[in-house]
Amino acid sequence: MKKNYFVNKAIFSFDKILMTSILSLPFTIEVLFDFGAVSVLLIPITLYFLDIKINPSKYFVFFILCFLFYNNIIYYDTHLKLHELRLRYFSSIFLLISFCINLICLKNKNVIKYVNVFFLFLSISFGATKTYNSFSLFDRSSFLEKLNFEYKTSTLEIGKSDDPVILIILDGLSSSEEIFKHTKDSIDLKLDFSLKKRGYKVISNARTESLRTTISLPSLFNFNLHNSIDKDSIENIDKGLQTIDGFQEIFNENLLVDSLLTRSVKSYSFGVGEFTRGINNDDFCYLWGDSCYSSSLENIISKTIIEAIIHGLDRDTEKVDLFRKNSLEQLENLVPAQKSFYYFHLFFPHDPYSYFEEYPNVRLNYLTISEEEYLSEHIKYKRWFVDKFIDLIEDADFQNSRIIIAGDHGFRHNKSIAPELTNIYLKGYNSINANNDITVQQIGNIILESFLVLKLE
5 MKKNYFVNKA
15 IFSFDKILMT
25 SILSLPFTIE
35 VLFDFGAVSV
45 LLIPITLYFL
55 DIKINPSKYF
65 VFFILCFLFY
75 NNIIYYDTHL
85 KLHELRLRYF
95 SSIFLLISFC
105 INLICLKNKN
115 VIKYVNVFFL
125 FLSISFGATK
135 TYNSFSLFDR
145 SSFLEKLNFE
155 YKTSTLEIGK
165 SDDPVILIIL
175 DGLSSSEEIF
185 KHTKDSIDLK
195 LDFSLKKRGY
205 KVISNARTES
215 LRTTISLPSL
225 FNFNLHNSID
235 KDSIENIDKG
245 LQTIDGFQEI
255 FNENLLVDSL
265 LTRSVKSYSF
275 GVGEFTRGIN
285 NDDFCYLWGD
295 SCYSSSLENI
305 ISKTIIEAII
315 HGLDRDTEKV
325 DLFRKNSLEQ
335 LENLVPAQKS
345 FYYFHLFFPH
355 DPYSYFEEYP
365 NVRLNYLTIS
375 EEEYLSEHIK
385 YKRWFVDKFI
395 DLIEDADFQN
405 SRIIIAGDHG
415 FRHNKSIAPE
425 LTNIYLKGYN
435 SINANNDITV
445 QQIGNIILES
455 FLVLKLE
């Protein structure tokens with residue numbers, strides 16, 4: 005009897021009230037497929053009982069939930085493809101549209117069933133698309149064809165051997181010279197001086213061809229995806245590339261690791277993501293494609309506007325600092341082996357500006373922070389990290405290794421600092437001239453050409 009009551013009530017309600025339970029279905033499907041967070045099913049179940057008991061839509065709950073669930077999903081799906089609005093402006097428009105839909109439905113009851121049907125079909129569409137995508141495999145060749153990619157052999161003179169190569173990416177490393185021009189304080193050249201004394205070649209004001217880690221690194225590990233792109237401003241190129249799906253996959257299935265295998269070189273990742281054909285550490289949590297840093301609730305919230313607000317007002321440091329700690333520990337304990345390539349990604353000196361008790365979190369309102377304050381905090385944090393990094397490099401036993409240290413991009417939040425300029429430091433590459441115009445994206449070619457080519461017998 006109770007079962008019939010709920011079924012009949014639901015059928016009756018479909019034409020009479022805006023069903024918030026149906027509204028939540030596409031969002032539920034999105035979270036289920038992306039994170040496997042089964043607890044998200046509690047959302048439509050809870051809302052269903054609220055629908056048939058109190059009709060929450062008449063209290064304008066419908067438009068609030070619509071804004072909460074879909075603002076960010078729609079924004080990131082359409083940004084740069086259909087518009088270039090900032091999130092705050094898009095959110096204002098989307099909030100107004102959601103409110104108007106709720107208001108129209110309250111004024112004209114005949115519209116209600118069409119809105120419910122729309123979200124029902126949207127749920128089916130989401131489910132079908134996500135199911136199809138989960139079975140479709142990433143095609144590297146097709147992705148590279150989309151970019152008209154052509155491999156270009158490095159013209160740099162690089163001595164070949166079986167000695168290991170260690171790549172250390174410092175996320176958001178600003179150019180030492182750019183910071184020095186701003187502060188006029190030689191302390192900001194400390195890393196350059198220190199590494200130069202230890203035999204490193206210092207390439208000052210090295211350029212990156214992307215200001216985004218999600219593009220810069222995949223390009224580096226695939227022998228410079230920017231080779232075939234028409235020259236334009238770095239911002240416009242980034243905007244164009246962001247509309248193309250597959251950059252995380254091309255990072256995982258990169259050409260560098262495959263090419264190194266043809267030279268019997270093993271690749272190890274202790275960076276932001278795993279190498280599909282490399283050697284990964286099961287005890288290491290990767291920032292890209294790994295949920296070991298997040299709970300189900302955090303995964304659910306990450307899809308909503310709440311995440312953007314929290315991230316803007318006070319960025320979470322726990323997960324980032326844990327990743328930083330794991331990366332540093334792996335680097336400190338590394339015992340490099342012959343015919344091996346090691347990739348490390350240290351999330352320094354990128355914000356948030358924290359590192360447990362060693363550097364208590366500097367709480368900044370990233371929504372309203374001024375360029376000058378942002379730069380000031382960056383400089384302080386970078387100076388602290390440089391001291392820590394120099395100690396690590398001096399203590400590490402990398403005598404027989406070739407080492408490449410580079411930023412993936414520079415500091416991006418102050419107009420007086422060129423965001424495309426960073427530094428590259430090379431150890432064991434005596435034949436490379438420090439005055440060469442080497443970009444961050446050319447590092448992949450340097451790594452490959454560091455190893456001996458196998459001779460066919």
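Using the numbering used here, you'd call the opening residue of the sequence shown number 5 and step up by one each time.
Note that the Cβ used here is the ideal one computed from N, Cα and C, for glycine as well.
None of these values were measured; they are calculated from a predicted model.
Quiz item: Does the beta carbon of Val121 come closer than 9 Å to any beta carbon on chain C?
Solution: The structure shown contains no chain C; it is built from a single protein chain.
Exercise. Using three-state DSSP, classify Ile394 as helix, strand or coil.
Key: Residue state, collapsed to three classes: helix.
Exercise. Give the straight-line distance between the Cα atoms of Lys85 and Thr247, rounded to the nearest whole angstrom.
Key: Approximately 6 Å, taken between the alpha carbons.
Exercise. Quick one: give me the first and last residue of the beta strand (DSSP E) that Tyr93 is part of.
Key: Counting along the chain, Tyr93 sits inside no beta strand (DSSP E); it lies in the alpha helix (DSSP H) bounded by residues Leu91 to Lys111.
Quiz item: Does the beta-carbon of Phe10 have 16 or more other beta-carbons within 10 angstroms, so that it is buried, or is it exposed?
Solution: For Phe10, the predicted model reports a pLDDT of 49, less than 50, meaning its position is unreliable; a value from the coordinates is still stated below. Per the 10 Å Cβ criterion, exposed.
Self-check item: Top-ranked residue by Cα proximity to Thr135, from Cys109, Ile47, Leu36 and Asn152
Solution: Looking only at Cys109, Ile47, Leu36 and Asn152, the smallest Cα-Cα distance to Thr135 is reached by Leu36.
Exercise. Would you decide whether Asn404 is buried or exposed? Buried here means 16 or more other CB atoms lie within 10 Å of its CB.
Key: So Asn404 ends up on the exposed side.
Quiz item: Which runs of the alpha helix (DSSP H), 4 residues or longer, sit entirely within the segment 269-305?
Solution: Runs found: 300-305.
Quiz item: For the alpha helix (DSSP H) that Lys200 lies in, which residues bound it at each end?
Solution: Counting along the chain, the alpha helix (DSSP H) containing Lys200 begins and ends at Lys194 to Lys201.
Quiz item: What's the C-alpha gap between Gly1 and Asn285?
Solution: Lying before the first or after the last residue shown, residue 1 is absent from the chain, which here runs from 5 to 461.
Practice problem: Count the CB pairs spanning the segment 298-314 and the segment 325-344 that are closer than 8 Å, and state whether there are at least three. | Solution: Below 8 Å, too few C-beta pairs join the segment 298-314 and the segment 325-344 to call them touching: fewer than three.
Practice problem: Please name the residue, chosen from Leu430, Leu456 and His413, that lies closest to Asp242 on a Cα-to-Cα basis. | Solution: Here the closest residue by C-alpha is His413.
Quiz item: Do the segment 193-211 and the segment 137-154 meet, that is, are 3 or more Cβ pairs less than 8 Å apart?
Solution: With a cut-off of 8 Å, the segment 137-154 and the segment 193-211 do not count as touching, because too few Cβ pairs lie within range.
Quiz item: From Phe31 to Phe73, what distance separates their C-alpha atoms?
Solution: Roughly 6 Å separates the two Cα atoms.
Quiz item: What is the DSSP secondary structure of Ile49, reduced to helix, strand or coil?
Solution: When DSSP states are grouped into helix, strand and coil, Ile49 belongs to the helix group.
Self-check item: Identity of the residues DSSP links to Leu174 by a beta bridge
Solution: Residue pairing for Leu174: DSSP places it in a beta bridge opposite Leu350 and Gly411.
Quiz item: Considering only residues of the segment 313-340, which uninterrupted alpha helix (DSSP H) runs meet the minimum length of 4 residues and lie entirely inside it, listed in chain order?
Solution: Along the length of the segment 313-340, whole alpha helix (DSSP H) runs at least 4 residues long occupy 322-336, reported in chain order.
Quiz prompt | Distance between Asn303 and Met5 (C-alpha atoms, nearest Å) | solution = In this prediction, Met5 scores a pLDDT of 46, lower than 50, which makes its location untrustworthy; the coordinate-derived value is nonetheless stated afterwards. Near 38 Å, if we compare the C-alpha coordinates of Asn303 and Met5.
Practice problem: Return the first residue and the last residue of the alpha helix (DSSP H) that Leu235 is part of. | Solution: Before going further, note that residue 235 is Lys rather than Leu in the sequence given. Going by DSSP, Lys235 is part of no alpha helix (DSSP H) at all; its letter is neither H nor E.
Quiz item: Among residues of its own chain, excluding the 5 on either side of Arg416, which ones have a beta-carbon nearer than 8 Å to its beta-carbon?
Solution: Excluding residues within five positions, the ones whose Cβ falls inside 8 Å are Gly176, Leu215 and Pro423.
Self-check item: Under the three-state DSSP convention, the category Arg267 falls into
Solution: Reduced to three states, the DSSP call for Arg267 is coil.
Quiz item: DSSP on Ala41, reduced to helix/strand/coil?
Solution: For Ala41, the three-state secondary structure derived from DSSP is coil.
Practice problem: From the DSSP output, read off the bridge partner residues of Tyr359. | Solution: For Tyr359, the beta-bridge partners assigned by DSSP are Glu361 and Tyr363.
Quiz item: Going by beta carbon distance, what residues of the same chain come within less than 7 Å of Phe130, once the five residues before and after it are set aside?
Solution: Exclusion of the five residues before and after Phe130 leaves Pro30, Ile33 and Glu34 as the residues of its chain whose Cβ lies within less than 7 Å of its Cβ.
Quiz prompt | Residues that Val261 bridges to, as DSSP identifies them | solution = Looking at the DSSP assignment, Val261 forms no beta bridge with any residue, so it has no partner.
Practice problem: Assign His417 to one of three DSSP states: helix, strand, or coil. | Solution: His417 falls in the coil class under three-state DSSP.
Self-check item: Status (buried if at least 16 other CB within 10 Å, exposed otherwise) for Asn449
Solution: With 16 or more Cβ atoms within 10 Å of its Cβ, Asn449 is classed as buried.
Exercise. Assign Met5 to one of three DSSP states: helix, strand, or coil.
Key: In this prediction, Met5 scores a pLDDT of 46, lower than 50, which makes its location untrustworthy; no coordinate-derived value is stated.
Quiz item: Looking at the structure shown, is Ser454 part of a helix, part of a strand, or coil, going by DSSP?
Solution: When DSSP states are grouped into helix, strand and coil, Ser454 belongs to the coil group.
Quiz item: Taking Cβ to Cβ, would you say Lys384 is nearer than 9 Å to Ile183?
Solution: No. Outside cutoff.
Exercise. Go to Asn75, then tell me how far its alpha helix (DSSP H) extends in each direction, as first and last residue.
Key: For Asn75, the enclosing alpha helix (DSSP H) starts and ends at Val65 to Thr82.
Quiz item: Below 8 Å, can you find three or more Cβ-Cβ pairs linking the segment 105-115 to the segment 65-72?
Solution: The segment 105-115 is in contact with the segment 65-72.
Self-check item: For Tyr429, the first and last residue of its enclosing beta strand (DSSP E)
Solution: Going by DSSP, Tyr429 is part of the beta strand (DSSP E) stretching over Leu425 to Lys431.
Quiz item: Phe142 to Ser180, Cα distance in whole Å?
Solution: Ser180 has its alpha-carbon roughly 39 Å from the corresponding atom of Phe142.
Quiz item: Contact between the segment 352-371 and the segment 318-330: three or more CB pairs below 8 Å?
Solution: Contact holds: three or more Cβ-Cβ distances are below 8 Å.
Exercise. Taking only runs that begin and end inside the segment 132-156, name each unbroken alpha helix (DSSP H) of 4 or more residues, in chain order.
Key: Unbroken alpha helix (DSSP H) stretches of 4 residues or longer found wholly inside the segment 132-156: 144-150, given in chain order.
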